[in-house]
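In the numbering used here, the protein residues as written are 356 to 548.
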Ligand SMILES: Nc1nc2c(c(=O)[nH]1)N(C=O)[C@@H](CNc1ccc(C(=O)N[C@@H](CCC(=O)O)C(=O)O)cc1)CN2
Ligand SMILES: Nc1ncnc2c1ncn2[C@@H]1O[C@H](COP(=O)(O)OP(=O)(O)OP(=O)(O)O)[C@@H](O)[C@H]1O
């Protein structure tokens, strides 16, 4: 089983501030991977889900956290993405695959609640091609997540906490970012060895 035992978190070291930020490139995902030295060929990408948690206290000793889970639904012709509620693991596993091999509800499936039309989100597990120590994220270059986080900030719940799970191939020296890029709150990564 894969474990993510290390983290780059909120407390930045002295070399982990935003000094090194450089302009965003308009490069393709392949060019972006090459330029940053991080490698993700789609076979090792951690999954993307988001959730809203409810604490159910069963007894003073037992706390159960229940979560409403959502998956992304992106529009390939724009930078618009929604987060739609899923009902179970089996529900996720039976969603249709897009041309990018991402499972998401079909366009005509209007039965699902959108997170920002209801209670908002507590947490997003962020996908990405690569991540650096300043917790910058290299995405697929369409701005889906940065735009979605902007929308979250306008919701009463505010911006959800963001965590990325990174395989070692996805750890980069420096990810190119611009003013729109929202740093990840915490990057959990596996052993770099
Ligand atoms: N698991 C997972 N879900 C995710 C993402 C992700 O990276 N991983 N996304 C993270 O954002 C969003 C989907 N990102 C996408 C980004 C670009 C294109 C796209 O249509 N690309 C162009 C080609 C671009 C190029 O190669 O230059 C195309 O296919 O025409 C599709 C989806 C939402 N859900
Ligand atoms: N909130 C925003 N408002 C306006 N433009 C934005 C916003 N977020 C990103 N952009 C623009 O969208 C383009 C793509 O952004 P970027 O390269 O950061 O995408 P990405 O994070 O890699 O993509 P994705 O989230 O889809 O994986 C850039 O030109 C960026 O300036």
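All C-beta atoms in this analysis are idealised placements derived from N, C-alpha and C, irrespective of residue type, glycine included.
Residue i: CB within 6 Å of a non-hydrogen atom of ligand 1
{"i": "residue 499", "result": "yes"}
{"i": "residue 457", "result": "yes"}
{"i": "residue 405", "result": "no"}
{"i": "residue 362", "result": "no"}
Residue i beta carbon near ligand 2 (any heavy atom closer than 6 Å)
{"i": "residue 495", "result": "yes"}
{"i": "residue 428", "result": "no"}
{"i": "residue 535", "result": "yes"}
{"i": "residue 502", "result": "yes"}
{"i": "residue 469", "result": "no"}
{"i": "residue 448", "result": "no"}
{"i": "residue 410", "result": "no"}
Closest by C-alpha distance to residue i, when choosing among the options
{"i": "residue 445", "options": "458, 434, 416 and 453", "result": "458"}
{"i": "residue 465", "options": "439, 492, 538 and 474", "result": "439"}
{"i": "residue 499", "options": "359, 360 and 537", "result": "537"}
{"i": "residue 447", "options": "461, 431 and 435", "result": "461"}
{"i": "residue 469", "options": "361, 359, 540 and 407", "result": "407"}
{"i": "residue 421", "options": "409, 474 and 524", "result": "409"}
{"i": "residue 453", "options": "362, 430 and 435", "result": "430"}
{"i": "residue 507", "options": "467, 495 and 475", "result": "475"}
Reduced DSSP category for residue i - H, G, I as helix; E, B as strand; rest coil
{"i": "residue 450", "result": "coil"}
{"i": "residue 457", "result": "coil"}
{"i": "residue 408", "result": "strand"}
{"i": "residue 476", "result": "coil"}
{"i": "residue 437", "result": "strand"}
{"i": "residue 428", "result": "strand"}
{"i": "residue 506", "result": "helix"}
{"i": "residue 545", "result": "coil"}
{"i": "residue 528", "result": "coil"}
{"i": "residue 535", "result": "coil"}
{"i": "residue 498", "result": "coil"}
Bridge-paired residues (DSSP) for residue i
{"i": "residue 419", "result": "411"}
{"i": "residue 493", "result": "485"}
{"i": "residue 520", "result": "543"}
{"i": "residue 361", "result": "544"}
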